[in-house]
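To keep things clear, I will list the structure first and then write my remarks on it.
2 protein chains.
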Amino acid sequence: MALIVQKFGGSSVANAERVFNVASIITDTYKKGNNVVVVVSAQGDTTDDLIEKAKEINPNASKREMDMLLTAGEQISISLLAMAIEKLGCPVISLLGWQAGFRTNSAYGSARIHEVATDRLQKEIDGKKIVIVAGFQGLNKYDDMTTLGRGGSDTSAVAIAAALHADRCQIYTDVTGVFTADPRKVENAQKLKDITYDEMLEFATLGAQVLNNRSVEMAKKYNVELEVLSSLVREEGTIVREVANMEKMLIRGVTKDTDVARISVVGMKDIPGNAFKMFSRLAQKGINIDVILQSVGRDGTKDISFTCAKGNADDAVAILKDIFDMEGAVVSSDTTVAKVSIVGAGMQSHSGTASKMFGALYEAGININMISTSEITISVLIDKEYADKAVSAVHKAFFG
Amino acid sequence: MALIVQKFGGSSVANAERVFNVASIITDTYKKGNNVVVVVSAQGDTTDDLIEKAKEINPNASKREMDMLLTAGEQISISLLAMAIEKLGCPVISLLGWQAGFRTNSAYGSARIHEVATDRLQKEIDGKKIVIVAGFQGLNKYDDMTTLGRGGSDTSAVAIAAALHADRCQIYTDVTGVFTADPRKVENAQKLKDITYDEMLEFATLGAQVLNNRSVEMAKKYNVELEVLSSLVREEGTIVREVANMEKMLIRGVTKDTDVARISVVGMKDIPGNAFKMFSRLAQKGINIDVILQSVGRDGTKDISFTCAKGNADDAVAILKDIFDMEGAVVSSDTTVAKVSIVGAGMQSHSGTASKMFGALYEAGININMISTSEITISVLIDKEYADKAVSAVHKAFFG
Numbered sequence: 001m002a003l004i005v006q007k008f009g010g011s012s013v014a015n016a017e018r019v020f021n022v023a024s025i026i027t028d029t030y031k032k033g034n035n036v037v038v039v040v041s042a043q044g045d046t047t048d049d050l051i052e053k054a055k056e057i058n059p060n061a062s063k064r065e066m067d068m069l070l071t072a073g074e075q076i077s078i079s080l081l082a083m084a085i086e087k088l089g090c091p092v093i094s095l096l097g098w099q100a101g102f103r104t105n106s107a108y109g110s111a112r113i114h115e116v117a118t119d120r121l122q123k124e125i126d127g128k129k130i131v132i133v134a135g136f137q138g139l140n141k142y143d144d145m146t147t148l149g150r151g152g153s154d155t156s157a158v159a160i161a162a163a164l165h166a167d168r169c170q171i172y173t174d175v176t177g178v179f180t181a182d183p184r185k186v187e188n189a190q191k192l193k194d195i196t197y198d199e200m201l202e203f204a205t206l207g208a209q210v211l212n213n214r215s216v217e218m219a220k221k222y223n224v225e226l227e228v229l230s231s232l233v234r235e236e237g238t239i240v241r242e243v244a245n246m247e248k249m250l251i252r253g254v255t256k257d258t259d260v261a262r263i264s265v266v267g268m269k270d271i272p273g274n275a276f277k278m279f280s281r282l283a284q285k286g287i288n289i290d291v292i293l294q295s296v297g298r299d300g301t302k303d304i305s306f307t308c309a310k311g312n313a314d315d316a317v318a319i320l321k322d323i324f325d326m327e328g329a330v331v332s333s334d335t336t337v338a339k340v341s342i343v344g345a346g347m348q349s350h351s352g353t354a355s356k357m358f359g360a361l362y363e364a365g366i367n368i369n370m371i372s373t374s375e376i377t378i379s380v381l382i383d384k385e386y387a388d389k390a391v392s393a394v395h396k397a398f399f400g
Numbered sequence: 401m402a403l404i405v406q407k408f409g410g411s412s413v414a415n416a417e418r419v420f421n422v423a424s425i426i427t428d429t430y431k432k433g434n435n436v437v438v439v440v441s442a443q444g445d446t447t448d449d450l451i452e453k454a455k456e457i458n459p460n461a462s463k464r465e466m467d468m469l470l471t472a473g474e475q476i477s478i479s480l481l482a483m484a485i486e487k488l489g490c491p492v493i494s495l496l497g498w499q500a501g502f503r504t505n506s507a508y509g510s511a512r513i514h515e516v517a518t519d520r521l522q523k524e525i526d527g528k529k530i531v532i533v534a535g536f537q538g539l540n541k542y543d544d545m546t547t548l549g550r551g552g553s554d555t556s557a558v559a560i561a562a563a564l565h566a567d568r569c570q571i572y573t574d575v576t577g578v579f580t581a582d583p584r585k586v587e588n589a590q591k592l593k594d595i596t597y598d599e600m601l602e603f604a605t606l607g608a609q610v611l612n613n614r615s616v617e618m619a620k621k622y623n624v625e626l627e628v629l630s631s632l633v634r635e636e637g638t639i640v641r642e643v644a645n646m647e648k649m650l651i652r653g654v655t656k657d658t659d660v661a662r663i664s665v666v667g668m669k670d671i672p673g674n675a676f677k678m679f680s681r682l683a684q685k686g687i688n689i690d691v692i693l694q695s696v697g698r699d700g701t702k703d704i705s706f707t708c709a710k711g712n713a714d715d716a717v718a719i720l721k722d723i724f725d726m727e728g729a730v731v732s733s734d735t736t737v738a739k740v741s742i743v744g745a746g747m748q749s750h751s752g753t754a755s756k757m758f759g760a761l762y763e764a765g766i767n768i769n770m771i772s773t774s775e776i777t778i779s780v781l782i783d784k785e786y787a788d789k790a791v792s793a794v795h796k797a798f799f800g
């Protein structure tokens, strides 16, 4: 007998029909002899509707009261899901985040989990009940409701799986797994049987958002075996674990990220500390920097280019102009770029991966603006117009 | 400085505009230097909407899960009301039933309050915060959500007032107080300045539902001074307390109840135990009996008539036929009746009250079917068609 944690997002339980679809997945798992703990988000648009109600009354409401409001959303979905499971004839109980033992710090709206005290959970599991837990929420030391922020329900599921030493944590989504590329756009995109935590983290960072990074990091830390699978199509998903089956594939997939801007500072004086000044000021403003390229410019000056999220481009330019205008350096931004990356822990031990990627792009006639590499990724910055073409070409080179 | 508990029903906070109306009543009370604890119900139709959602999924859902679902309703209203008060610039905090210390038994759907543990409430009051408490809800010994059933928020408010020894518990409604008769129907109906708990209980029982009986009983038990007043019209309401000002008025008001059926059993054998058999069987089925009239019938038989709520009439007739058909007695019901009553602790010490009432009905040409009296009420059963006419005639006789 195994202990399975299953997580369902808000769209999976958006109406009565979907609630019963999810209920049947759960009861099927239970009837196979497993213990089942389920984490569920608020139904469909509930959270957005509640935020709208709050804004109508007070756009500057305290985060404490916002969390009090929003946690009502999962309370509705857990009880409705439990009622559906009662209808299907299985023993079930719904638990709020605090009842399931979620203790957090007091950062309302983006609380961190301190502990999952499992007494109640364990008692209900021992009583052979399917346990439905409200995701996204916990309780702080003042006994006040908190929420975990974006992707909070994924994090709740992984935290429960870690605390209960569950055999697997299944994250149900609207895709059937993790693919080598976006299957809607790339021919021959293949579903991966498995993938490592690090690869999954790179996938998320590089724009193929399936799982929330925070939940993958937690899964890695506590060695929780994840499965990404679909709530609508019943087939095996992709397993995320420490050591994936790497025999066959050097790389795991090709991703693109079009939410990217390139910022350039051309003609900086070549004096120590310029890069430090630049990136520390950007960091102070909360602007995350990705690919960085530094080159020697004309007349002993330096050029630095880097990428950041599009939404930060204007702020970044303003900050850099403030620093470098006096020096005569020219600051500019370009949002017509895209980042295309390959991800795979296998490439560490294989030479030729980068040249294979660059060759594929060359043959497709696509110019590379910038290159960056990490242990398990190679990313190139190209003209946004050619992003899909680039993904297809690179995917074909590696996956045929 | 006084401690005031204020209770607002669901229609008082049904939309953003009404939420702000209520918020301004609260902050005005606070700004006058009072400590304020507020009990609020779920907004408008929220509870009905949630029940509808549950029925769609499982009409036989467990009461435990129903209470989990329904308690989300007040969670939404307390946080929205707190946000409105934040907007008006006063310090405020919302608390769920369990956070406010409501401990109940485990009768889901109609839980009884065991205790209001006031630590948290007192801490927030001491911190000069307006405290907004979710009415209708509590927590049982398993740490599961419970609801208090019909009129639960009134009961929550009185329980908090009792536990905190509040100076007054204000129940805001859609009427400006308790009247000598329904002001929409009776000319010269007068608002009462005050009324005793017992009189208020009779008013509720007799069909002039303003306050829930359970909350009045609790107020009487713990000597909580109630005020019934309007959330829309700002004027003094009616005070409910142990000794009301009885100098002027013998009686407090005239009420009618049209949710009443008369059941008759004619021609019972005159043997001991028939009345016991009859009323114990009715009690087993949860049918509450009101006025009872027994008379000698023809040929040494007995007739018994009584009244009950209309909704129980068919059940009552079926039960009685089951008992008395064998004996040849005839069971019938009549739902074209109404009960008109006068209420007033003052009538105890005054003779002539009953004859004054009967005289007024006689002059109005209204026939009396049955009469019953208690220490502070006199009720008559009449043809429903004449109910309003009867109320007006009796009201005129006592209040001019």
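So the sequences go chain by chain: S and Z. Going by this note's numbering, 301 is the number at position 301 of the first sequence; the sequence numbering is gapless. Take any residue in the second sequence, count from 1 to its spot, add 400: that is its number in this note's numbering. We put the CB at the ideal spot given by N, CA and C, even for glycine.
Under 9 Å from the C-beta of residue i: neighbouring residues of chain Z
{"i": "Q284 (chain S)", "result": "None at all; the shortest Cβ gap to chain Z is about 30 Å."}
{"i": "E65 (chain S)", "result": "I478, S479, L480, A482, M483, E486, V492, I493 and S494"}
Proximity winner among the options, relative to residue i (alpha-carbon distances)
{"i": "N460 (chain Z)", "options": "S:A261, S:E86 and S:A54", "result": "S:E86"}
{"i": "K356 (chain S)", "options": "S:A397, S:S230 and S:A161", "result": "S:A397"}
{"i": "D783 (chain Z)", "options": "Z:Q684, Z:D715, Z:A661 and Z:A713", "result": "Z:A661"}
{"i": "T335 (chain S)", "options": "S:G365, S:D314 and S:M68", "result": "S:D314"}
{"i": "A72 (chain S)", "options": "S:K63, S:C90, S:V186 and S:L96", "result": "S:L96"}
{"i": "V210 (chain S)", "options": "S:V317, S:Q190 and S:D154", "result": "S:D154"}
{"i": "P672 (chain Z)", "options": "Z:I687, Z:T701 and Z:V654", "result": "Z:T701"}
{"i": "N21 (chain S)", "options": "S:L81, S:L320, S:G237 and S:K185", "result": "S:L81"}
{"i": "I513 (chain Z)", "options": "Z:I425, Z:G538 and Z:D703", "result": "Z:G538"}
{"i": "V492 (chain Z)", "options": "Z:E727, Z:V640 and Z:K529", "result": "Z:K529"}
{"i": "K669 (chain Z)", "options": "Z:I742, Z:I478 and Z:G697", "result": "Z:G697"}
{"i": "T47 (chain S)", "options": "Z:N434, Z:I451, Z:I476 and Z:T447", "result": "Z:I476"}
{"i": "N369 (chain S)", "options": "S:G400, S:S295, S:I376 and S:E236", "result": "S:S295"}
Neighbouring residues, chain S, relative to residue i (Cβ below 7 Å)
{"i": "S419 (chain Z)", "result": "Note on residue identity: the sequence assigns Val, not Ser, to residue 419 (chain Z). Those are I57, listed as they occur along chain S."}
{"i": "S462 (chain Z)", "result": "E86"}
Spatial neighbours of residue i in its chain, beta-carbon cut-off 8 Å, leaving aside the 5 residues before and after
{"i": "T429 (chain Z)", "result": "I404, Q406 and V436"}
{"i": "Y142 (chain S)", "result": "S106"}
{"i": "L601 (chain Z)", "result": "N613, V616, E617 and K620"}
{"i": "K185 (chain S)", "result": "D388, V391 and S392"}
{"i": "A157 (chain S)", "result": "V5, Q6, K7, V39, G135, C169, I171 and S215"}
Residue i: contacting residues in chain S (beta-carbon distance under 8 Å)
{"i": "A442 (chain Z)", "result": "By Cβ distance, chain S contributes nothing, its closest Cβ being about 10 Å from A442 (chain Z), past 8 Å."}
{"i": "Q475 (chain Z)", "result": "M68, L69, T71, A72 and Q75"}
{"i": "L450 (chain Z)", "result": "I76"}
{"i": "M618 (chain Z)", "result": "Near M618 (chain Z) there are no residues of chain S at all, since even the closest Cβ is about 26 Å away, more than 8 Å."}
Within chain Z, partners of residue i - CB distance below 7 Å
{"i": "Q294 (chain S)", "result": "What Q294 (chain S) touches in chain Z: nothing, since even the nearest Cβ is about 49 Å away."}
{"i": "A16 (chain S)", "result": "E456 and I457"}
{"i": "K53 (chain S)", "result": "L480"}
Neighbourhood of residue i by C-beta, 6 Å cutoff - its chain only, sequence neighbours within 5 removed
{"i": "K739 (chain Z)", "result": "D657, V660, S779 and L781"}
{"i": "Y108 (chain S)", "result": "K63, R64, D67 and T146"}
DSSP bridge partner residues for residue i (one or two, in chain order)
{"i": "G538 (chain Z)", "result": "Z:T546"}
{"i": "R241 (chain S)", "result": "S:T196"}
{"i": "F324 (chain S)", "result": "In DSSP, F324 (chain S) forms no bridge with anything."}
{"i": "L626 (chain Z)", "result": "Z:C569 and Z:V640"}
{"i": "N35 (chain S)", "result": "S:L3"}
{"i": "R262 (chain S)", "result": "S:T307 and S:D334"}
{"i": "R103 (chain S)", "result": "S:E115 and S:L139"}
Neighbouring residues, chain Z, relative to residue i (Cβ below 8 Å)
{"i": "S305 (chain S)", "result": "Simply none; closest approach about 45 Å."}
Own chain residues within Cβ distance below 7 Å of residue i, not counting five before or after
{"i": "G551 (chain Z)", "result": "N612, R614 and S615"}
{"i": "A563 (chain Z)", "result": "V516 and T518"}
Below-8 Å beta-carbon distance, residue i vs any chain B residue
{"i": "M83 (chain S)", "result": "As a matter of chain content, chain B is missing from the structure shown, whose protein chains are S and Z."}
Mind checking the segment 495–529 of chain Z against chain S and listing, in chain order, the residues whose C-beta falls within less than 7 Å of any C-beta there?
Listed by position along the chain: Q499.
Using a beta-carbon distance cut-off of less than 7 Å, what residues from the segment 130–149 of chain S approach chain Z?
D143
Residues within the segment 556–576 of chain Z neighbouring chain S, beta-carbon criterion of under 8 Å:
none
Output, in sequence order along the chain, the residues in the segment 620–654 of chain Z whose CB is closer than 9 Å to any CB in chain S.
none
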